[in-house]
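Engineer: Have a look at this one.
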Amino acid sequence: MEGDLAAGVRQRPVHVLAGRDVVVWEMDLINPADDPAHCPPGVAWLMTRDQGRVTELRLHHAPVATVTAGPAN
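In the numbering used here, the protein residues as written are -15 to 57.
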């Protein structure tokens, strides 16, 4: 993650959900103009909490769109 920050990748919050034991942050990943494919377009941070402290953290990245060629004429 430090390398992504050093490369200029930034995150922008899209949605936040919070409960007593679970917190979810949905973020857009904003890549630098000189490396637009550095990271996938988004990420969800899933945090499990126990007594107010995060005990588990999982990141789920949005799929990268793929471009397929159409039939040749």
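Backbone N, C-alpha and C fix where the C-beta goes; we use that ideal spot for every residue, glycine too.
Am I right that Pro16 and His45 are in contact with their C-beta atoms under 8 Å? What's the rounded C-beta distance?
Structural biologist: Translated into positions along the sequence shown, residue 16 becomes position 32. Translated into positions along the sequence shown, residue 45 becomes position 61. Not quite, the Cβ-Cβ distance comes to about 17 Å (not below 8 Å), so this is no contact.
Engineer: Since Leu41 and Met31 should fall inside the 8 Å C-beta cutoff, what is the C-beta to C-beta distance between them, to a whole number of angstroms?
Structural biologist: The sequence position of residue 41 within the sequence shown is 57, counting from 1. The sequence position of residue 31 within the sequence shown is 47, counting from 1. Confirmed, Cβ separation roughly 5 Å.
Engineer: Distance check for Arg33 and Gly(-8), CA to CA, integer angstroms please.
Structural biologist: One-based indexing of the sequence shown puts residue -8 at position 8. One-based indexing of the sequence shown puts residue 33 at position 49. Using only the alpha carbons, I get a separation of about 30 Å.
Engineer: For Arg(-4) and Asp12, which I take to be in contact (beta-carbon distance under 8 Å), what is that distance rounded to the nearest angstrom?
Structural biologist: Locating residue -4 in the sequence shown gives position 12, counting from the first residue. Locating residue 12 in the sequence shown gives position 28, counting from the first residue. With 8 Å as the limit, Arg(-4) and Asp12 qualify as a contact, their Cβ atoms being about 5 Å apart.
Engineer: Smallest Cα separation from Thr39: which of Pro47, Arg4 and Met(-15)?
Structural biologist: On the sequence shown, position 55 is the one that residue 39 refers to. Here the closest residue by C-alpha is Arg4.
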